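Notes follow once the structure below has been shown.
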Amino acid sequence: MGDNLGNHTATKDLQLAGKQILNASGVVIGATVAANNSVALQISGADKAILISNVATNADILAPLNGMIIYNTTDNKFYLYQNGAWVTFALALTPSTNGIESVSNPNGYTLTQVGQETVLKLAPADATNPGVITTGDQSLAGNKTLQGNFSLLSGGNLTVEAGTTNLNGNLTVGVAGAVVPTTLNGSLSVSDKTTLNGNTGTALSPVNGIVFSNTVPALNTEAENFLVVDAASGEVRRSSFVGNALFKQRILAPTFTLGANEATKLVLTVPGITQNDGVVVNYDAADLIATPGLEYISILNATATNNLEVSITIADMRQENADGTPLIPATTLLSGKNFIVTRYKQTP
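Here it is in structure tokens:
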């Protein structure tokens, strides 16, 4: 504080008696000199603090001016009178013009406001709570719809638990020229047209199709073996499901009555057979070898008379045993035995 009369050192307390100090170029408290001539008020103290005016409500300030600062003891917040209104210090901050930056990490995303220290962290999603997708193991709840392509990289597994999976679109497994093992535990229902491409290996070469590591069970029948005829060479080769294909089924012999030197007609129920399909019927080789006399029960003809039905005529060609022993009835010989029905699918 100066009076243009030089510097003074006070030896007594300054008593203003309710008066004011006006037109002072600067006031310094706790120090002998101001930091520079631009200081209006300087408060210094190595072990002291400034106590801002405390109010119970902001309305206690009857004539506020822009730039005033108070501390509200009711909500314990600092307030700044700015642009004609009391606002907390947090609301008085100028928003960052650079927005928010995001940085990915194994636990999700960390969002940081540029120029501020406040950090917003998003937790990983789980089966109960929403969140972000991370690089770790996660269980996600609710229905999810993915638009675009879904790729499962090499070395990864796709597991579908109990339930139904609907796929509308294309599913590509593996790459051309490579044998890709695909394991299906459960049933696979395919409607409309489905194309399976891949390398068949030397066993099926040169026909492209599917590698069968085990037999493929037909519906309630023996394994179906599919063949195709090369139109150019006439060569018969194993291939995938096609319109003109041979397949065989094991059908249990029905109950019938047949005497010696007689013939009768049997009707076999054969899944997949349509009327006038080409069919060949013979005995199961294992049954024929294990049942002496069965070779004399002849199968005279076989016709696909109706859808799902094949009619065959069998005849007991035996007269009598050379040693005079009674003949074993044909019904006994065929009881529990199987016919092998081979079908050549009629072209639609």
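Heads up: the sequence shown is residues 262 to 609, going by our numbering.
Glycine included, each C-beta is placed from N, C-alpha and C at the ideal position.
These figures come from a predicted structure and were not determined experimentally.
Positions of the beta strand (DSSP E) runs, each at least 3 residues long and wholly inside the region 522-590, are given as 524-530, 539-544, 558-567 and 570-577 in order along the chain.
Looking only at Thr396, Glu581, Ala388 and Asn537, the smallest Cα-Cα distance to glutamate 570 is reached by Asn537. Judged by beta-carbon spacing, serine 572 lies within the 9 Å limit of leucine 527, meaning their Cβ atoms are closer than that value. Contact check for asparagine 337 against threonine 318 fails: the beta carbons are separated by 9 Å or more. Bounds of the beta strand (DSSP E) holding valine 288 are 288-290. Secondary-structure assignment with DSSP links phenylalanine 508 through a beta bridge to Arg604. Under DSSP, threonine 349 shares a beta bridge with Tyr340. The shortest C-alpha to C-alpha distance from isoleucine 589 to any of Ser400, Ala324, Leu414 and Leu519 is the one to Leu519. In the three-state reduction of the DSSP assignment, asparagine 319 falls in the helix class. In the DSSP assignment, asparagine 410 is bridged to no other residue. For the set Ile311, Gly291, Ser299 and Leu549, the Cα lying nearest the Cα of serine 305 is the one of Gly291. The closest CA to that of serine 314, considering only Leu341, Ala307 and Gln303, is found on Leu341. Under the Cβ criterion (8 Å, minimum of three pairs), the region 531-550 counts as touching the region 584-600. Taking leucine 595 as the centre and dropping the five residues before and after it, the same chain places the C-beta of Ala514 closer than 6 Å to its C-beta, in chain order. Comparing alpha carbon positions, the residue from Glu581, Val348 and Leu507 closest to valine 540 is Leu507. Excluding residues up to 5 positions away in sequence, Tyr342 lie with their Cβ nearer than 8 Å to the Cβ of leucine 326 in the same chain.
In terms of CA proximity to arginine 579, Tyr557 leads the group Asn562, Tyr557 and Thr592. Out of Pro532, Val289, Pro587 and Thr586, the CA that lies nearest to the CA of asparagine 567 is found in Pro532. Among the bridge pairs identified by DSSP, proline 385 is matched with Val393. The Cβ atoms of threonine 516 and threonine 574 lie no closer than 9 Å to each other. In this chain, the beta strand (DSSP E) harbouring isoleucine 330 covers 330-333.
Here leucine 277 carries a coil assignment [DSSP, helix/strand/coil]. Per the DSSP secondary-structure output, isoleucine 313 pairs with nothing in a beta bridge. Shown here, leucine 326 sits in coil according to DSSP, grouped into three states, outside any helix or strand. DSSP places leucine 519 outside any beta strand (DSSP E), giving it a letter other than H or E. Membership of leucine 302 in the beta strand (DSSP E) is indicated by the continuous run 302-304.
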